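Each remark here refers to the structure printed beneath this line.
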Amino acid sequence: MVFKVSRVETKPIDGQKPGTSGLRKKVKVFIQPHYLHNFVQSTFNALTPEKVRGATLVVSGDGRYYSKDAIQIITKMSAANGVRRVWVGQNGLLSTPAVSAVIRERVGVDGSRASGAFILTASHNPGGPNEDFGIKYNMENGGPAPEGITDKIYENTKTIKEYFISEDLPDVDISAVGVSSFAGPEGQFDVEVFDSASDYVKLMKSIFDFESIRKLISSPKFTFCYDALHGVAGAYAKRIFVEELGAQESSLLNCTPKEDFGGGHPDPNLTYAKELVARMGLGKSSSQGEPPEFGAAADGDADRNMILGKRFFVTPSDSVAIIAANAVESIPYFSDGLKGVARSMPTSAALDVVAKHLNLKFFEVPTGWKFFGNLMDAGLCSVCGEESFGTGSDHIREKDGIWAVLAWLSILAHKNKENLGEEKLVSVEDIVRQHWTTYGRHYYTRYDYENVDAGAAKELMAYLVKLQSSLPEVNEIVKGTRSDVSKVVNADEFEYKDPVDGSISKHQGIRYLFEDGSRLVFRLSGTGSEGATIRLYIEQYEKDPSKTGRDSQDALAPLVEVALKLSKMQEFTGRTAPTVIT
Ligand code: G6P
Ligand code: ZN
Numbered sequence: 006m007v008f009k010v011s012r013v014e015t016k017p018i019d020g021q022k023p024g025t026s027g028l029r030k031k032v033k034v035f036i037q038p039h040y041l042h043n044f045v046q047s048t049f050n051a052l053t054p055e056k057v058r059g060a061t062l063v064v065s066g067d068g069r070y071y072s073k074d075a076i077q078i079i080t081k082m083s084a085a086n087g088v089r090r091v092w093v094g095q096n097g098l099l100s101t102p103a104v105s106a107v108i109r110e111r112v113g114v115d116g117s118r119a120s121g122a123f124i125l126t127a128s129h130n131p132g133g134p135n136e137d138f139g140i141k142y143n144m145e146n147g148g149p150a151p152e153g154i155t156d157k158i159y160e161n162t163k164t165i166k167e168y169f170i171s172e173d174l175p176d177v178d179i180s181a182v183g184v185s186s187f188a189g190p191e192g193q194f195d196v197e198v199f200d201s202a203s204d205y206v207k208l209m210k211s212i213f214d215f216e217s218i219r220k221l222i223s224s225p226k227f228t229f230c231y232d233a234l235h236g237v238a239g240a241y242a243k244r245i246f247v248e249e250l251g252a253q254e255s256s257l258l259n260c261t262p263k264e265d266f267g268g269g270h271p272d273p274n275l276t277y278a279k280e281l282v283a284r285m286g287l288g289k290s291s292s293q294g295e296p297p298e299f300g301a302a303a304d305g306d307a308d309r310n311m312i313l314g315k316r317f318f319v320t321p322s323d324s325v326a327i328i329a330a331n332a333v334e335s336i337p338y339f340s341d342g343l344k345g346v347a348r349s350m351p352t353s354a355a356l357d358v359v360a361k362h363l364n365l366k367f368f369e370v371p372t373g374w375k376f377f378g379n380l381m382d383a384g385l386c387s388v389c390g391e392e393s394f395g396t397g398s399d400h401i402r403e404k405d406g407i408w409a410v411l412a413w414l415s416i417l418a419h420k421n422k423e424n425l426g427e428e429k430l431v432s433v434e435d436i437v438r439q440h441w442t443t444y445g446r447h448y449y450t451r452y453d454y455e456n457v458d459a460g461a462a463k464e465l466m467a468y469l470v471k472l473q474s475s476l477p478e479v480n481e482i483v484k485g486t487r488s489d490v491s492k493v494v495n496a497d498e499f500e501y502k503d504p505v506d507g508s509i510s511k512h513q514g515i516r517y518l519f520e521d522g523s524r525l526v527f528r529l530s531g532t533g534s535e536g537a538t539i540r541l542y543i544e545q546y547e548k549d550p551s552k553t554g555r556d557s558q559d560a561l562a563p564l565v566e567v568a569l570k571l572s573k574m575q576e577f578t579g580r581t582a583p584t585v586i587t
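Here this note's numbering = 1-based position in the sequence shown + 5.
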């Protein structure tokens, strides 16, 4: 039987503008009639029919609630739009980094290659019937669609009149690996369900020295713990850490992917990764017994990571700097040297110092992984990272949570190569403190004010921009608040000109730069699904090795006070404290 293509009349639906990383909304919004359909058709139209016809597309995600329905809808719309093949990870599961790897590396059973993907995730946002769903499109380089495409998608959502769907195509069983073939009006249409982890595991094995990591993990003095927060990382953690690297099953926490992430907030930070934080001996409710040497967590779609040592937190900004400083000797993939390094603007300047010492090309880009992709495609950047718990390299075009863990395990394995029989191993904390002694320390913290009234957040930002036009006024406020804080010498909104394609991105965060190198940055989050989230990033550089060991909240207290005063945070938002401090 040949499946039919139906043309369905529709009308534009408001608010389908993709954010920093795709369209994220409450499930209740997504399940409205035509909502997902409009967005998917708008994407096909933005890609243009020539690129869609005959294409092979990946459709999968972090397995959150509504993914299974969405996969069937997108498959039927793909068939109707002339797509030749849809590839689905078993049970609809593929981490965001694995999707990127699959686009770049996988060869289908019939020799085909994919040219893009719909990734179904709202990343670190909670899941379940009352929580978030999300969708984003990735291109043939394995990276998120550039602004040129996402803008077109959005324009299309505002004018859409029709979409195409093959309603009579039967639902595909995505739990079983294999190919289902169907006859369509324009020829054959296949759905290939494949193992979610194999391609990714193969890629990781080509990057890292698994044997040396295995030796580290098997040392009785090395203990390890990984928390997937019930996200899709669990599907990879078992394969990599337990089967390939010999870690104990009991090292894995929350590694069964769940549609609602077990009711939790799948964001790997000190607030939301509670169980891991307690196990690692951090926080108020730390568990009994000796914490593991190394701990890590991932977000829902496994592109973010948090790295912890025993009773020790590694800031993401330090993490990328330390990986960059140690990559060449610890990770075979980088043995010929790094092409360059990059960070997002609000990320601390720890990476800048490493780049300078090692004489590496260095780039500062706006928030959002897509900006790194251009640099990588042009061969300008090998390692990059963001303060928002994202770290990665040019092996794919997404940040990669498990890659970051393997990078840290590689550094630990290298530093302990001659040491595995000794009384004490070189620890995560030793590595970080040594790094600070060599390069200085960037004290760093981020204050998040979540779900603030959107109007109030805009007013606060507008006020901060206006204030920038008078530095004397700014400095009067600074001095009147804390006499021990240095003066503001520059204030602007970050603007970026992409060195590869020349595109310009404006209004990428409000910066106040101080004479001693300290920084305050204010930004509105681009990944929330409700109200507005104000992010305040606070940073201070300390070069003197005798002063790099302070508690970071203590060290930053004066700057925090200044930031709250400058921004009139309480006045605008009514908030006396942030929702999350990282
Ligand atoms: C996503 C992007 C990251 C970005 C982050 C910022 O995770 O992939 O590249 O750093 O969002 O989120 P925000 O909420 O600060 O816009
Ligand atoms: Zn994510």
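The beta carbon of each residue, even a glycine, is placed where N, CA and C say it ideally should be. None of these values were measured; they are calculated from a predicted model.
Between which two residues does the beta strand (DSSP E) containing residue i stretch?
i, result
"G397", "395 to 398"
"I589", "In this structure the chain extends from 6 to 587, so residue 589 is not present and cannot be described."
"H447", "446 to 457"
"D497", "493 to 498"
"L62", "61 to 66"
"F138", "137 to 143"
"G231", "It should be pointed out that residue 231 corresponds to Tyr in this sequence rather than to Gly. Y231 -> beta strand (DSSP E) spans 229 to 232."
"Y168", "167 to 170"
Alpha helix (DSSP H) containing residue i: first to last residue?
i, result
"A202", "Per DSSP, A202 belongs to no alpha helix (DSSP H) and is neither H nor E."
"M381", "375 to 382"
"G314", "Segment 310 to 314 is the beta strand (DSSP E) holding G314; no alpha helix (DSSP H) there."
"S256", "Run containing S256: none; DSSP gives neither H nor E here."
Compute the Euclidean distance between the alpha carbons of residue i and residue j, then round it to the nearest angstrom.
i, j, result
"A181", "V198", "7 Å"
"D503", "F376", "8 Å"
"Q253", "Q95", "25 Å"
"I415", "A233", "For the record, residue 415 in the displayed sequence is Ser; it is not Ile. The alpha-carbon atoms of S415 and A233 are separated by roughly 20 Å."
"G116", "E110", "12 Å"
"L258", "I312", "15 Å"
"G239", "P262", "6 Å"
"P477", "K471", "13 Å"
"K81", "F8", "10 Å"
"S335", "E544", "29 Å"
"T276", "I401", "29 Å"
"R219", "P102", "23 Å"
"F519", "V34", "44 Å"
"P273", "A307", "10 Å"
"T228", "L343", "30 Å"
"G269", "A383", "39 Å"
"F339", "A329", "10 Å"
"L174", "P54", "21 Å"
"A119", "A60", "7 Å"
"I482", "P563", "13 Å"
"G113", "V206", "16 Å"
"Y71", "I140", "11 Å"
"V388", "G373", "15 Å"
Give me, in chain order, the residues of the same chain whose beta-carbon lies closer than 6 Å to that of residue i; leave out the 5 immediate sequence neighbours on both sides.
i, result
"A85", "V10, F169, I170, S171"
"A409", "N310, T396"
"N50", "N161"
"S474", "none"
For my contact list, residue i and residue j are in at a C-beta cut-off of 8 Å; report their separation, rounded to the angstrom.
i, j, result
"D265", "G183", "28 Å between Cβ atoms; not a contact."
"D137", "V32", "7 Å"
"H440", "S353", "Not confirmed; about 13 Å, so no contact."
"I539", "Y454", "4 Å"
Verify whether the separation of the beta carbon atoms of residue i and residue j is less than 8 Å.
i, j, result
"A303", "G153", "no"
"V433", "V319", "yes"
"I212", "I327", "no"
"S128", "S26", "yes"
"V91", "L62", "yes"
"V237", "G192", "no"
"I125", "G66", "Per the sequence shown, the amino acid found at residue 125 is Leu instead of Ile. Yes, these two residues count as a Cβ contact at 8 Å."
"I76", "I179", "yes"
"F577", "E464", "yes"
"P17", "I158", "no"
"V333", "L356", "no"
Cutting at 7 Å between CB atoms, please list the residues of its own chain near residue i, excluding the five before and the five after it.
i, result
"G286", "P296, K315, R316"
"G267", "H235, N259"
"L561", "Y448, T450, I543, Q545"
"E427", "none"
Could you name the residues of the same chain whose beta carbon sits closer than 8 Å to that of residue i, not counting the 5 residues immediately before and after it, in chain order?
i, result
"P371", "S349, M350, F499, Y501, S510, Q513, G514"
"V88", "V57, R58, G59, A60, T61, L62, F194"
- prompt: Near ligand 3, which residues have their beta-carbon less than 5 Å from any of its heavy atoms, given in chain order?
  reply: Ligands displayed in this structure: ligand 1 and ligand 2; ligand 3 is not among them.
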